[in-house]
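Take 134 as the starting number for the sequence shown in this note's numbering and just add one per residue.
Beta carbons: idealized from backbone N, C-alpha and C, even for Gly.
What follows is a short report on a single structure.
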Amino acid sequence: MSDSNARADVVIVGSGAGGVAAALPLVESGRRVVMLERGQPLPRDGSTLDVGRVVERGEFLAHEPWRDGDGRVFEPEEHFNVGGKTKWYGAALFRFDPAEFGADPGHGCPAWPISHEELAPFYAKAEALLGVHSFAVEPDLDWILARLRRVAARWHAAPMPMGLSAEIIRYPDEASHFDGFASARGLKGEAESRGLCRLSDRANFDLVTGVEVATFLGAPADPHRVIGVEATDGRRWQADRVVLAAGALHSPRLLARYLDRSGLAASLPAADAVGRYLKLHALSAMVSFSWRPMRDVLRKTMVLTHPEFPHSTAQPLGFDADLIARLIPRAVPRAVARCLARRAYGFFLQTEDGSSPENRVMERAVAGGVERVMDYRLERSSAAAREHRRFVRAMRRAFLSAGMPTVTRRIAISGTAHACGTLAAGSDPRRSVVGADGRVHGLRGLYVADGSVLSRISRVNPALTIFAWGLRLGTLLAGHDGDGVGRAADANHEE
Ligand SMILES: Cc1cc2nc3c(=O)[nH]c(=O)nc-3n(C[C@H](O)[C@H](O)[C@H](O)COP(=O)(O)OP(=O)(O)OC[C@H]3O[C@@H](n4cnc5c(N)ncnc54)[C@H](O)[C@@H]3O)c2cc1C
Numbered sequence: 134m135s136d137s138n139a140r141a142d143v144v145i146v147g148s149g150a151g152g153v154a155a156a157l158p159l160v161e162s163g164r165r166v167v168m169l170e171r172g173q174p175l176p177r178d179g180s181t182l183d184v185g186r187v188v189e190r191g192e193f194l195a196h197e198p199w200r201d202g203d204g205r206v207f208e209p210e211e212h213f214n215v216g217g218k219t220k221w222y223g224a225a226l227f228r229f230d231p232a233e234f235g236a237d238p239g240h241g242c243p244a245w246p247i248s249h250e251e252l253a254p255f256y257a258k259a260e261a262l263l264g265v266h267s268f269a270v271e272p273d274l275d276w277i278l279a280r281l282r283r284v285a286a287r288w289h290a291a292p293m294p295m296g297l298s299a300e301i302i303r304y305p306d307e308a309s310h311f312d313g314f315a316s317a318r319g320l321k322g323e324a325e326s327r328g329l330c331r332l333s334d335r336a337n338f339d340l341v342t343g344v345e346v347a348t349f350l351g352a353p354a355d356p357h358r359v360i361g362v363e364a365t366d367g368r369r370w371q372a373d374r375v376v377l378a379a380g381a382l383h384s385p386r387l388l389a390r391y392l393d394r395s396g397l398a399a400s401l402p403a404a405d406a407v408g409r410y411l412k413l414h415a416l417s418a419m420v421s422f423s424w425r426p427m428r429d430v431l432r433k434t435m436v437l438t439h440p441e442f443p444h445s446t447a448q449p450l451g452f453d454a455d456l457i458a459r460l461i462p463r464a465v466p467r468a469v470a471r472c473l474a475r476r477a478y479g480f481f482l483q484t485e486d487g488s489s490p491e492n493r494v495m496e497r498a499v500a501g502g503v504e505r506v507m508d509y510r511l512e513r514s515s516a517a518a519r520e521h522r523r524f525v526r527a528m529r530r531a532f533l534s535a536g537m538p539t540v541t542r543r544i545a546i547s548g549t550a551h552a553c554g555t556l557a558a559g560s561d562p563r564r565s566v567v568g569a570d571g572r573v574h575g576l577r578g579l580y581v582a583d584g585s586v587l588s589r590i591s592r593v594n595p596a597l598t599i600f601a602w603g604l605r606l607g608t609l610l611a612g613h614d615g616d617g618v619g620r621a622a623d624a625n626h627e628e
């Protein structure tokens, strides 16, 4: 099925959270699905747990040069491999709050085109698929929270929903290296271990790796109808429907390229929104120190919130002393940093950023090719920038009062772990790119399953919501009756 001009019912571009979630109901319904993935499967030899190879040398990162809004070159922390970024994620798998599906004009956030209730059944399916559960709080974090409660009672701690096998505790190399590492034993609930492995022996499913999709194919006399994809090596796949799931930095560039080449960029109302409204979360890493040696293993067991900061959460980092030492400023001698790190606990402080049209990803033609641009400034969402600064200050003050001094570091824009929003879902085609059914406004046959669609990123991590959206989209498409009903549904939605 990897031949030139091969046909499928559905071609899915990308094997991460959204792509795999969309594939599951489609394959189960008997649709013939081809998934095209740019990367290869990760090795299972333990190298993805090796701090030197993963963190120091960044051997598994994409290493793609991009430019920021000021023209400076940087490399976003992206991964091209089977399973996408879910192989590396920290597996904190939260549902968004129902209120986070509504608009929040004061914070610069639009509403979703669907409600929490519409997504709820798919949240439940995603949780079951990924094996989401909480772990008991470990002794050192329990000690920290008790001290915090004594001096700052308004901080609220709740169990973290985690997609990790309970077995992980038996493997110290995995239990202290899952946040930013890929499990060698399949102990993390992610797109490959919980999704692709269910599909691998299905006759109506093909995963083709090492294929970078370059653009879409339009029907000969009608570019509004997408009928397949073309890879960078010229291979083509034709399908009744194409599901875009290449991730929020990549999917909008594919769509923008198609709109430019087909001449639709000037006429399609949604074209101007493509790549805009990039959301990353305002992110800071905080390390807290005490006199007590910290021996917790998983660490990521409780999440902290505060009623004065409704768009923010603080989560422990799943980092052991070795990894925490790397967050301590370089000015501190390494031996001292390692000694401090043994008495330290790391936290990840995140605040939902607003949706600014100026925050965007795009491609620009330059001599000899194109350059990738990610123009993002948190200051364009002033309410979020303000809340994040106050949140970090309040957290540091509370920890200091509890006898634990802290250091913090803002995560630069290369920290694209949570990137989303660049093909935002909405009902207004001038302000959004896909509709409630996941179809690109004004086009037939093209749908989006990945984090690009998230109209809001919420105060928690996005992956469970991407899985839920993908499952919902796959279920909607599976309900379409092949060429007949599906096409009719597409035609009914034509704008
Ligand atoms: C270190 C780290 C920690 C994280 N921790 C958490 C966490 O604890 N909780 C949480 O909810 N989220 C977390 N995330 C974020 C989460 O992993 C992402 O939100 C999620 O994986 C995004 O899903 P996606 O489908 O949009 O993209 P991805 O999962 O990245 O999948 C996109 C896929 O498309 C492929 N692709 C790209 N371009 C092309 C192309 N042109 N042709 C073919 N294939 C292509 C890529 O190789 C990739 O496999 C973390 C991410 C990282 C990196």
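- Item | Where the alpha helix (DSSP H) through Ile-457 begins and ends | 454-457
- Task: Identify the continuous beta strand (DSSP E) that holds Ile-145 and give its terminal residues.
- Result: 139-146
- Where the alpha helix (DSSP H) through Tyr-391 begins and ends: 384-395
- Since Tyr-478 sits in a beta bridge, which residues does DSSP pair it with? Ser-421
- Query: How would you write the range of the alpha helix (DSSP H) that Asp-230 sits in, first residue to last?
  - Reply: Where Asp-230 is concerned, there is no enclosing alpha helix (DSSP H), given that its DSSP letter is neither H nor E.
- Going by DSSP, name the residue or residues bridged to Leu-297. Lys-321
- Message: Just checking Ser-514 against ligand 1 - is the residue's beta carbon closer than 7 Å to any of the ligand's heavy atoms?
- Response: no
- Message: Please state whether the Cβ-Cβ distance between Leu-387 and Leu-401 is less than 8 Å.
- Response: no
- Query: Taking the alpha-carbon positions, what's the Gly-216 to Ser-534 distance?
  - Reply: 43 Å
- Query: What first and last residue would you give for the beta strand (DSSP E) that runs through His-240?
  - Reply: Premise fails: His-240 is in no beta strand (DSSP E) and is neither H nor E.
- Query: How would you call Ala-236, buried or exposed, if buried means at least 16 neighbouring beta carbons within 10 angstroms?
  - Reply: exposed
- Query: Just how far apart, CA to CA, sit Leu-226 and Asp-486?
  - Reply: 19 Å
- Determine the direct distance from the alpha carbon of Gly-479 to that of Val-430, and round the result to whole angstroms. 12 Å
- Message: Check whether the segment 354-374 and the segment 572-579 touch, using three or more Cβ-Cβ pairs below 8 Å as the test.
- Response: yes
- Item | Same chain only: Cβ atoms within 8 Å of Val-184, ignoring 5 sequence neighbours per side | His-310, Asp-455 and Leu-456
- Message: Can you give me the C-alpha to C-alpha distance between Leu-511 and Glu-260, rounded to a whole angstrom?
- Response: 31 Å
- Query: Exposed or buried, Arg-165, counting other C-beta atoms within 10 Å across all chains shown (16 or more means buried)?
  - Reply: buried
- Cβ of Asp-143 within 7 Å of any heavy atom in ligand 1? The amino acid occupying residue 143 in the given sequence is Val; Asp does not appear at that position. Outside the cutoff, so no.
- Is the segment 148-162 in contact with the segment 573-592, if contact means three or more CB pairs nearer than 8 Å? yes
- The beta strand (DSSP E) spanning Thr-438 covers which residue range? 435-438
- Do Pro-353 and Gly-559 have their C-beta atoms closer together than 8 Å? no
- Item | Check: Arg-219 C-beta below 7 Å from any heavy atom of ligand 1 | A small fix is needed here, since residue 219 is Thr in this sequence, not Arg. Within the cutoff, so yes.
- Excluding sequence positions up to five away, which residues of its chain have a Cβ less than 6 Å from the Cβ of Ala-458? Ala-470, Arg-471 and Ala-474
- Task: Count the other CB atoms, across all protein chains shown, that sit within 10 Å of the CB of Ala-269; report buried if there are 16 or more and exposed otherwise.
- Result: exposed
- Query: Does any heavy atom of ligand 1 sit closer than 7 Å to the C-beta of Val-265?
  - Reply: no
- Query: For Val-206, which three-state DSSP category applies?
  - Reply: strand
- beta-carbon Arg-171 near ligand 1 non-hydrogen atom, thresh 7 Å: yes
- Give, in chain order, every unbroken run of the beta strand (DSSP E) that is at least 3 residues long and sits entirely within the segment 477-558. 477-484, 493-499, 502-508 and 539-543
- Taking 7 Å as the line, does the beta carbon of His-212 fall inside it for any heavy atom of ligand 1? yes
- Query: Taking DSSP as the reference, what is the three-state secondary structure of Ala-364?
  - Reply: strand
- Task: Whole angstroms is fine: what's the gap from Val-341's alpha carbon to Pro-426's?
- Result: 48 Å
- Message: According to DSSP, simplified to helix, strand and coil, what is Glu-307?
- Response: helix
- Can you tell me where the beta strand (DSSP E) with Val-581 in it begins and where it stops? 579-581
- Message: Going by C-alpha to C-alpha distance, which of Phe-349, Asp-178 and Gly-380 sits closest to Ser-395?
- Response: Phe-349
- Message: Quick check: the Cα distance between Gly-617 and Asp-373, rounded to an integer number of angstroms?
- Response: Legend: pLDDT at Gly-617 = 36, less than 50; position of this residue unreliable, value from coordinates given subsequently. Their Cα atoms are separated by approximately 11 Å.
- Any heavy atom of ligand 1 closer than 7 Å to the Cβ of Tyr-256? no
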